[in-house]
Structure formats: C-alpha cells, structure tokens
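Everything in the sequence shown is counted per the numbering used here, starting at 108 for the first residue and increasing by one. Just so it is clear, CB atoms sit at the ideal spot from N, CA and C, and this is done for glycine as well. Heads up, the thing below is written out as structure tokens.
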Amino acid sequence: MKDVLLNNWNIVRFLRLGIGLAIIVQAIVAKDMLFGLAGLLFTGMALFNAACCGVGGCATPTPSKKSDSKEISYEEVV
108 MKDVLLNNWN IVRFLRLGIG LAIIVQAIVA KDMLFGLAGL LFTGMALFNA
158 ACCGVGGCAT PTPSKKSDSK EISYEEVV
C-alpha cells in the first residue's frame, strides 16, 4: 500500500489530486455534500493511482513477433 501511494507519480496523477482537492474545498465553501463526494472520488483516484478502468486497465498488450511466417506466392491474372 505504501508503494502505491508513494511511487509512479506523473502529471495526470498530480492533476487529479489538484482537481480533487479543489473540488473538496469548493464543496466545503458551498456546503454541498454531493460535490464533496465527487472531490473524494478524484482525490482517491489520484492517491491510489486508479483510473476509470483500474490500474493499467487501459493498457494494450504488446503483440508478439512471429518469425515462422509463410511465404506467399502470387500469380499474374491476364
């Protein structure tokens, strides 16, 4: 848990944290509970490095290289 909170900080994660904290402050000023929950959501996403799809959920797997490809022969059609 400590590793998740302290490592792999990038620009998007800082941006989510800033947006979340700004929403929480605005929710306190406006005394709006629902807005505060949205702020907690953004702040939690930043702290636990979770995106909408989860950690690394949007990553695509790298394709494997196949070296045993067959040679294709073409013939001319007149």
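Check	Outcome
Out of V184, T169, L154, state which residue places its alpha-carbon closest to the alpha-carbon of R123.	L154
With H, G and I counted as helix, E and B as strand and the rest as coil, what does DSSP make of K109?	helix
Can you tell me the Cα-Cα spacing of F121 and A145, whole angstroms?	17 angstroms
Do G143 and A157 have their C-beta atoms within less than 7 angstroms of each other?	no
Return the residue from the list K109, L128, V184 that minimises the CA-CA distance to G151.	L128
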